[in-house]
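Below: one structure, written as structure tokens.
In the working numbering, the protein residues as written are 31 to 183.
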């Protein structure tokens, strides 16, 4: 029985898992694909996001930054230029770094696909599938940090 199960090991899931573990909650972070894994989207971090990362983890290693972002230019044939501060990151390395920080805080990292949830009086049972094997894990609270069409949602 876990206190908290976080579904999805992207940036929001890793931050949620680390925060729970830092607060002495028995936490599991469930991700369907083993990390590090390729993730082609969402590699742009604003200055606000970089600040949140630093506050919750530590300064992000420079090797994770693909390139700094200093300006937005809308194309084609547009005169719109907007100064901005941020960074583009390699999600494969970035997400792995975040989840390893959550693991160091005490989070259990578990690779499986969430198939269903069932609510009991004081907890939730998650039915998972991993390598064609069915598993059940229980938690008092669930955090949905996975895709928009998620089972948690």
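In this text, a Cβ means the ideal position worked out from N, Cα and C, and glycines have one as well. As the structure is a prediction and not an experimental result, all values here were calculated from the model.
(1) Roughly how many angstroms lie between the CA atoms of residue 44 and residue 57, to the nearest whole one?
(2) Taking only runs of the beta strand (DSSP E) that begin and end inside the stretch 44-110, which ones reach a length of at least 3 residues, in chain order?
(3) Can you tell me whether residue 178 is helix, strand or coil according to DSSP?
(4) Which residue's Cα is closest to the Cα of residue 112: 81, 52 and 104?
(5) Candidates 169, 175 and 141: which alpha carbon is nearest residue 152's?
(6) Using the DSSP secondary-structure output, state which residues sit across from residue 113 in a beta bridge.
(7) Can you give the Cα-Cα distance for residue 147 and residue 154, rounded to whole angstroms?
(8) Measuring CA to CA, which of 176, 149, 65 and 131 is closest to residue 85?
So, from the listed chains and residues:
(1) 11 Å
(2) 57-61, 74-76 and 95-103
(3) Secondary structure at residue 178: coil, using DSSP grouped into helix, strand and coil.
(4) 104
(5) 169
(6) Its beta-bridge partners are 101.
(7) 7 Å
(8) Here the closest residue by C-alpha is 131.
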